[in-house]
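Report on the following structure.
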Amino acid sequence: MENTPCDSTIVSAAIYPPIGVMRVGNSPSEYFIGPEVSEPLPQSPSFYRDSTGALKRQAARFRIYGLNANGEVVKELTANNANITWHAQLANQKASWYKFEIALDIPEAADAKPSILRNAKVEGDKRRGLLIDGAKHTISGCNTPGNDTQFVGQFNEVKVYLGEMTTDSQGRLVMLGGHGKSANPLGHQAITFGNNEGWYDDTSDGPINADVVYDDVSLSVKPGWVVCAPPDYAPMQKSVRTMWDLMRDIAVGANMLPVPGKPSFTHDILPIFQRMTDLQWVNAGFAAGFGWQSPFDFTSELWLTRLSDPSATWQESRRTLFNNFRNLDTQFDIGENPMSVTAWDPTNASLSPQQWPWIYGDAMSIDANESPRQFLTLTRLQLNALSQWVDGEFIADYDPARTVPTAIDDVPVTEQPDMLTKAAMDFCLADAFHPGCEMTWPMRSVGMYSEAFRLRHAEDTSPTHDVNFGPVLTPHTALSFDGPINNGQIAGGITRWMAIPWQTDTASCRDGYNTALDPYLPTFWPARVPNNMLNQENYNKVINESLPIDERQAAFNEREFWLDDLPIGPTTDYTAQINDMIDNFDKLAVVLPKTEKGVSGFPSTMQVGLTPDSNAPVSALKSTAQHKAKKGIRPDLSLTEKAHRFIKKS
């Protein structure tokens, strides 16, 4: 039964999700709507690619909900019951902003390379040409085309399309980002992962506002924000710590949200374990440790039975698992204030790469340092929930027959705003902010938010090429009251902290840099940027029950290097590879579930890396030699593969 508020008088409104996520794609006109529920249904390859094989853009759809005097959701406001005019603004400030060297809110920033201006040799008013301002646009009505509401700016003399806005059949706003176009107008190559001089890309971000008249009354409307990010090459994956987890943790610590009570096994505990197992499809190390029939296959009936049992029977098992997680704090207050934990203390931190999760942290360096931020940890809320779980203090609500809403219309209207918020942020990373995939380290600063999950807007959200923070952005300035984080956000203010262009960072953040430890672990961002995948050819062998079981098992265990599907093929030339990624990011596989009923000895559903030509015969592959070069898998590593583990170069 839907929870209808007692007071149904609408006095204000709010835009949801508070932060929407667009993603670039090179399909000229086709797109899909990004996740609107936290557990969406799997889709076919044609959902993500057009008939030519080009990647479709992911659109962000925004809705407006009417609120009563208590701030409770009454109903959705659409063009059918209200007069709605949408306003949006997009900008890209990357080339006119500061270089990324390290997250400026961690202690290691004090000794890091200084964050100087990008394109510092461009001075004075000429820096105006580095700012791509898509300007403000307005739209209303239903099914309004986006031809007249395109966000087009200029990088020096080059026109840059950042996206467009349109509406759906109910008058909801649909925002589309760029086409993945990155270039250096002078023709210079990209040479580094994050700070390529003279380059631009067509990612962007900016504010979303609306004028709403309901029952002849103009309502105040809480605004939203939209971020344009790189493609999601593993759309069914979630990282162990998502952006939603991080933002929720920040909001609880800032008293923007109430302190959670007893954790739910289904909603708070199980996702942590299942996400590690699901990463088997995008990283060979996770496949070996957490994958199908591995020691920690947390989707198996055996583990699910143990994990979900609150009795003392499996308490020591729960304790052992909890102690495997990397923990930067050794004290937990599980009483009235579970956020009351000690500050990060390196003497208490585990620096072992073998502790969970096997993911790099913000202070990652190739030669493992003594920083507690060399590797990732869970949020405080996640660790606190696991600590309570160890003691059996959790809601034992596991139901293997549980059904979940697969479309936002299946969710009660009063719960839709929270679902839209979670769906948008659950598929964004809060992993190594080095700098990151969608957003980066400023998102963990309380000063970024007006309320939980909602960004605080500057009085004037128009972007500016003027940088008032000097030639070097220091940690003190970045985090000061008058700095760029705590003074309200302007268009382009979120993505400016990211790599330029995005492709060079995506092609650089790999796995297994220290092959003496492990050729596949730790890793950076496999939930969005796969490292290794089960390819179509091996999948076909696995489901072919006429083959010997040993051959099928070998095919299942074999993981192709994701980047090897670039036209350049397997290579030891870092510069050549990152530039190939700029031109051919659409050629890489999208890892998607494929289900074969009746397959014995293997999962009925496997996630497979599908390229535009995945259904082509083996003879159509680039060459037999290149095809064979892709096939190395643990424990042996060829010389080509060893050299293929590129370091993130600055």
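Position one of the sequence shown corresponds to residue 471 (the working numbering), numbered consecutively onward.
Cβ coordinates follow ideal geometry from the N, Cα and C atoms, glycine included.
Host alpha helix (DSSP H) of residue i (start-end)
{"i": "D672", "result": "That residue, D672, is in no alpha helix (DSSP H); it is neither H nor E in DSSP."}
{"i": "K892", "result": "886–896"}
{"i": "R1121", "result": "This structure cannot settle anything about residue 1121, because the visible part of the chain is limited to 471 through 1120."}
{"i": "E571", "result": "That residue, E571, is in no alpha helix (DSSP H); it is neither H nor E in DSSP."}
{"i": "A855", "result": "850–860"}
{"i": "Y1044", "result": "1044–1054"}
C-alpha gap between residue i and residue j, whole angstroms
{"i": "V644", "j": "T891", "result": "16 Å"}
{"i": "P505", "j": "Y830", "result": "26 Å"}
{"i": "A855", "j": "M635", "result": "41 Å"}
{"i": "M1003", "j": "V1078", "result": "7 Å"}
{"i": "R924", "j": "A986", "result": "44 Å"}
{"i": "P842", "j": "A529", "result": "37 Å"}
{"i": "K564", "j": "G963", "result": "9 Å"}
{"i": "G731", "j": "V1061", "result": "36 Å"}
{"i": "V628", "j": "Q513", "result": "37 Å"}
{"i": "A997", "j": "H557", "result": "33 Å"}
{"i": "R527", "j": "R788", "result": "42 Å"}
{"i": "A580", "j": "T1042", "result": "33 Å"}
{"i": "S932", "j": "D575", "result": "26 Å"}
{"i": "S1070", "j": "I1019", "result": "10 Å"}
{"i": "I1038", "j": "T976", "result": "16 Å"}
{"i": "T673", "j": "L600", "result": "14 Å"}
{"i": "Q620", "j": "H607", "result": "8 Å"}
{"i": "L537", "j": "G611", "result": "22 Å"}
{"i": "S499", "j": "Y631", "result": "13 Å"}
{"i": "D520", "j": "P701", "result": "14 Å"}
{"i": "Q1047", "j": "C898", "result": "25 Å"}
{"i": "V494", "j": "G633", "result": "9 Å"}
{"i": "I970", "j": "D671", "result": "7 Å"}
{"i": "I720", "j": "L656", "result": "43 Å"}
Reduced DSSP secondary structure (H/G/I, E/B, other) of residue i
{"i": "P1063", "result": "strand"}
{"i": "A483", "result": "strand"}
{"i": "S781", "result": "coil"}
{"i": "V874", "result": "coil"}
{"i": "S690", "result": "strand"}
{"i": "G599", "result": "helix"}
{"i": "H927", "result": "strand"}
{"i": "D681", "result": "strand"}
{"i": "V710", "result": "coil"}
{"i": "Y518", "result": "helix"}
{"i": "M726", "result": "coil"}
{"i": "N1005", "result": "strand"}
{"i": "A699", "result": "strand"}
{"i": "S920", "result": "strand"}
{"i": "A653", "result": "strand"}
{"i": "G962", "result": "coil"}
{"i": "W826", "result": "strand"}
{"i": "D1035", "result": "helix"}
{"i": "Q640", "result": "coil"}
{"i": "T775", "result": "helix"}
{"i": "M452", "result": "Because the chain spans 471 through 1120 in this model, residue 452 falls outside it and cannot be assessed."}
{"i": "A530", "result": "strand"}
{"i": "M909", "result": "coil"}
{"i": "F864", "result": "coil"}
Where the beta strand (DSSP E) containing residue i begins and where it ends
{"i": "H607", "result": "602–610"}
{"i": "T439", "result": "No statement about residue 439 is possible, as the shown extent of the chain runs from 471 to 1120 and does not include it."}
{"i": "N562", "result": "553–562"}
{"i": "L587", "result": "No beta strand (DSSP E) holds L587; DSSP gives it neither H nor E."}
{"i": "E546", "result": "543–547"}
{"i": "I503", "result": "501–503"}
{"i": "Q844", "result": "First-last for Q844: undefined, no H or E at that position."}
Other residues of its chain near residue i: CB distance less than 7 Å, five sequence neighbours each side excluded
{"i": "R598", "result": "H935"}
{"i": "A813", "result": "Here the model assigns A813 a pLDDT of 35, short of 50, so the residue's position is not dependable, and the following value carries that caveat. So the list is empty, once near-sequence residues are dropped."}
{"i": "P912", "result": "M918, I955, W967"}
{"i": "S778", "result": "F735, A866, Y868"}
{"i": "N1049", "result": "Q659, A660"}
Close Cβ partners of residue i (< 8 Å) along its chain, the five nearest in sequence each way excluded
{"i": "A1059", "result": "Y703, P1000, M1003, N1005, W1032, D1035, G1079, L1080, T1081, S1084"}
{"i": "L716", "result": "T849, A900, M913, R914"}
Expected contact under 8 Å - CB spacing of residue i and residue j to nearest Å
{"i": "I480", "j": "Y684", "result": "6 Å"}
{"i": "V696", "j": "I534", "result": "Not really, about 15 Å apart at Cβ, beyond 8 Å."}
{"i": "P823", "j": "F845", "result": "6 Å"}
Other residues of its chain near residue i: CB distance less than 6 Å, five sequence neighbours each side excluded
{"i": "I960", "result": "A928, T931, P933"}
{"i": "D1056", "result": "N496, A524, L525"}
{"i": "A573", "result": "D832, F903, W911"}
{"i": "E667", "result": "N589"}
Any chain D beta carbon closer than 8 Å to residue i
{"i": "M746", "result": "The structure shown contains no chain D; it is built from a single protein chain."}
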